[in-house]
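**Q** Residue numbers (my numbering), protein chains in the order written: chain A, 34 to 277; chain B, 4 to 317.
All C-beta atoms, glycine included, are put in the ideal place defined by N, C-alpha and C.
Mind looking over this structure? Questions follow.
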């Protein structure tokens with residue numbers, strides 16, 4: 034990490050000379066292998082003007098691929114806890130992280146922040162069907178935050194030498210494969226003056242990817258392979274471990 | 004940057020399950036496989052009824068636990084079937100009739116499972132099935148074996164088998180190896196019922212099938228184990244197939260890890276089980292079955308930690 038900063042420091046004058054904001058990622062690809070336990074991606078960059086109180090500020094927003102989610106509430110039926118009413122949320126980012134040199138609500142006017150979806154409370158989460166109670170939205174926020182998939186100002190953006198910034202985005206093992214878009218906003222006098230858009234891909238690779246792809250595209254073939262492999266393993270095992 | 008030893012250990016043990024889409028401790032899975040395999044070897048059952056609830060307990064989604072549990076039971080039963088077939092203890096004809104019902108049952112069971120999943124009720128439904136089925140079977144087993152232990156002197160029935168109304172139905176067929184001439188309807192119905200339960204609960208159903216074969220069909224005990232294993236292998240294969248095609252919950256990485264521990268454990272359990280008396284074994288198995296039923300009932304009736312749950316829309 035120090036090496037990255039040092040490199041950046043050397044490059045900074047050249048980089049920042051032309052543009053007010055430059056941002057890069059430590060990687061453009063996160064591989065989900067069978068040994069995947071989560072990873073973190075470093076967002077770093079530099080600004081032309083000094084960062085800090087009275088000067089420029091930075092907000093970094095990351096969004097994972099969108100999916101439809103169902104939130105269910107358990108209800109007590111005859112003494113048993115069963116799933117009761119549910120609410121469907123369409124096109125919800127499966128991953129969302131926001132970090133800034135200061136929390137977004139302190140940097141931007143409320144209407145700008147809401148319009149740009151900067152902050153968990155600014156995500157357009159209205160159920161497309163099912164229960165209408167605001168409890169469901171609150172539960173979705175709560176559960177996603179607990180899984181580490183939605184992060185809001187967990188750690189502030191680090192500043193070094195007034196012009197360099199960096200923030201680490203932790204991806205838990207449950208991240209969904211797909212395209213992750215990152216927007217780095219430069220804020221000056223409560224306005225977004227520049228935005229740099231970067232991104233990376235989370236992709237299953239190796240055996241895990243092949244298994245998942247086969248199971249999805251050729252379920253019948255995959256099923257037959259599972260049957261044969263399980264039978265072979267059972268048969269082989271009984272020969273190996275036979276205690277005569 | 005050098006990873007410190009503890010990080011390295013975590014990296015070695017954690018494995019990502021491609022279908023369950025989560026990473027789990029590989030050694031924990033092998034250990035669960037070993038424990039369940041040991042108990043199943045000890046009691047001579049497939050062990051699916053222990054495995055599937057345990058998988059759900061450690062956080063594997065229930066649709067993956069059920070489908071992979073069936074797949075694992077298939078592997079765990081194959082070697083037993085081979086051994087029984089070598090000794091000529093399989094009534095293939097009866098097996099074929101049972102399997103005919105079982106295939107239909109497993110297909111219907113997977114439809115029911117897919118429907119419940121769509122309605123978001125799969126967790127509770129699987130638990131409820133377990134509570135009811137295991138509760139009844141466990142209770143019957145314990146009562147039966149307690150009675151047998153008290154009697155100790157086992158009055159062997161003089162007749163070949165008890166005749167019941169089930170034997171009088173039409174479509175009679177001769178089953179030489181079981182020394183039976185009965186209607187094919189009861190075995191088809193038994194196979195069907197076990198097939199449905201197998202698909203919904205992710206079990207082989209041996210612990211239900213064996214008593215059904217003895218008490219409902221009147222089969223001699225010598226061919227019951229082998230024939231039930233034949234049914235279990237065929238039905239778990241068909242449940243694996245339908246679950247993989249329709250619900251997509253079979254995780255081969257999970258199955259293999261469980262089998263790695265399972266086949267080893269089963270051998271140790273079997274050598275130990277040979278030293279136990281029949282009635283005691285059955286009483287212990289009954290208690291184990293009841294224990295699982297009670298545990299799942301407890302989970303079902305205790306207020307959940309979180310009232311809300313979120314899943315990806317199917």
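Check whether the Cβ atoms of residue 198/A and residue 91/A lie closer than 9 Å to each other.
**A** Yes, these two residues count as a Cβ contact at 9 Å.
**Q** Cα separation between residue 195/A and residue 55/A?
**A** Each residue's Cα considered, the two are about 14 Å apart.
**Q** For residue 25/B, which three-state DSSP category applies?
**A** In this structure, residue 25/B counts as strand in the three-state DSSP scheme.
**Q** Quick check on this structure: which residue in 66/B, 81/B and 114/B has the alpha carbon closest to the alpha carbon of residue 267/A?
**A** For the residues 66/B, 81/B and 114/B, the minimum Cα distance to residue 267/A belongs to 81/B.
**Q** Here's the rule I'm using: 16 or more other beta-carbon atoms within 10 Å means buried, otherwise exposed. How should residue 24/B be labelled?
**A** Residue 24/B is buried by the Cβ-count criterion.
**Q** With C-beta atoms as the reference, is residue 109/B less than 9 Å away from residue 248/B?
**A** Not closer than 9 Å, so no.
**Q** Using a Cβ-Cβ cutoff of less than 7 Å, which residues in the same chain neighbour residue 16/B once the five nearest sequence positions on both sides are dropped?
**A** Once the five neighbours on either side are set aside, the close Cβ partners of residue 16/B are 28, 29 and 30.
**Q** Quick one, are the C-beta atoms of residue 32/B and residue 22/B less than 9 Å apart?
**A** Not a contact, by the Cβ cut-off of 9 Å.
**Q** My understanding is that residue 133/A touches residue 190/A, with C-beta atoms under 8 Å, so please give their C-beta distance in whole angstroms.
**A** Residue 133/A to residue 190/A, Cβ: 6 Å. Contact.
**Q** Please state if the CB of residue 225/A and the CB of residue 63/A are separated by a distance shorter than 9 Å.
**A** No, the Cβ-Cβ distance between residue 63/A and residue 225/A is not below 9 Å.
**Q** Kindly indicate which three-state DSSP category residue 302/B falls into: helix, strand or coil?
**A** Residue state, collapsed to three classes: helix.
**Q** In the DSSP assignment, the alpha helix (DSSP H) including residue 308/B goes from what residue to what residue?
**A** Where residue 308/B is concerned, there is no enclosing alpha helix (DSSP H), given that its DSSP letter is neither H nor E.
**Q** Does DSSP classify residue 188/B as helix, strand or coil?
**A** In this structure, residue 188/B counts as helix in the three-state DSSP scheme.
**Q** With 16 as the cutoff for other CB atoms within 10 Å, does residue 306/B come out buried or exposed?
**A** Residue 306/B should be labelled exposed.
**Q** Let's see if you can read the secondary structure: which residues bound the beta strand (DSSP E) around residue 148/B?
**A** Residue 148/B -> not in any beta strand (DSSP E); alpha helix (DSSP H) instead, spanning 125-154.
**Q** Should residue 294/B be labelled buried (16 or more other beta-carbon atoms within 10 Å of its own) or exposed?
**A** Residue 294/B is exposed by the Cβ-count criterion.
**Q** Relative to chain A, which residues along the segment 306-317 of chain B have a C-beta separation below 9 Å, given in chain order?
**A** For the segment 306-317 of chain B, which is checked against every Cβ of chain A, the residues closer than 9 Å are 306, 307, 309, 310, 311, 312, 313, 314, 315, 316 and 317.
**Q** Looking at the unbroken alpha helix (DSSP H) that takes in residue 240/A, where does it start and where does it end?
**A** Residues 239-250.
**Q** At a CB distance below 7 Å, what residues from the segment 201-218 of chain B approach chain A? Give them in sequence order.
**A** Going along the segment 201-218 of chain B in chain order, one finds no residue with a Cβ nearer than 7 Å to chain A.
**Q** Expressed to the nearest angstrom, what Euclidean distance is found between the alpha-carbon atoms of residue 283/B and residue 123/B?
**A** Taking the straight line joining both Cα atoms gives about 41 Å.
**Q** Could you work out which residues of chain A lie near residue 147/B, taking near to mean beta carbons separated by less than 8 Å?
**A** Within chain A, no residue comes near residue 147/B; the closest Cβ sits about 29 Å away, beyond 8 Å.
**Q** Whose C-alpha, out of 41/B, 66/B, 53/B and 76/B, is nearest the C-alpha of residue 1/B?
**A** There is no way to answer for residue 1/B, as the model of chain B reaches only from 4 to 317.
**Q** At the 9 Å Cβ level, is residue 191/A part of the contact set with chain B, yes or no?
**A** No - not a single Cβ of chain B is within 9 Å of the one on residue 191/A.
**Q** Which ranges does the beta strand (DSSP E) cover as unbroken runs of at least 3 residues, wholly within the segment 133-203 of chain A, from first to last along the chain?
**A** For the segment 133-203 of chain A, whole beta strand (DSSP E) runs of length 3 or above, ordered along the chain, are 183-185 and 191-193.
**Q** Of all the options 302/B, 274/B and 93/B, which has the alpha carbon lying nearest to the alpha carbon of residue 223/B?
**A** Selected option, being the one with the closest Cα: 93/B.
**Q** Considering only heavy atoms of the ligand NAD, does any lie closer than 8 Å to the CB of residue 233/B?
**A** Questions concerning the ligand NAD fall outside what the structure shown contains, since it holds no ligand whatsoever.
**Q** May I ask you to report which of helix, strand or coil DSSP gives residue 245/B?
**A** DSSP places residue 245/B in helix when its eight states are reduced to three.
**Q** Roughly how many angstroms separate the alpha carbons of residue 301/B and residue 104/B, rounded to a whole number?
**A** Computed Cα separation, rounded: 33 Å.
**Q** Pull the bridge partners of residue 213/A from the DSSP assignment, please.
**A** DSSP lists 233/A as partners of residue 213/A.
**Q** Cβ of residue 74/B within 9 Å of Cβ of residue 263/A?
**A** Yes.
**Q** Please report the straight-line C-alpha distance between residue 308/B and residue 164/A, rounded to a whole angstrom.
**A** If you take the alpha carbons of residue 308/B and residue 164/A, they lie about 21 Å apart.
**Q** What residues from the segment 112-126 of chain B come within 7 Å of chain A, judged by C-beta to C-beta, listed N to C?
**A** Against chain A - using a Cβ distance shorter than 7 Å - the residues of the segment 112-126 of chain B are 123 and 124.
**Q** Does chain A have any CB closer than 9 Å to the CB of residue 243/B?
**A** Closer than 9 Å: yes.
**Q** Chain B beta carbons: is any one of them nearer than 9 Å to that of residue 59/A?
**A** Chain B, which has no Cβ nearer than 9 Å to the Cβ of residue 59/A, makes this no.
**Q** Which ranges would you report for the alpha helix (DSSP H) in the segment 60-99 of chain B if only whole runs of at least 4 residues count?
**A** Segments of the alpha helix (DSSP H) lying fully in the segment 60-99 of chain B: 65-89.
**Q** Could you list which residues in chain A have their beta carbon closer than 8 Å to that of residue 22/B, in chain order?
**A** 244, 245 and 248, listed in chain order.
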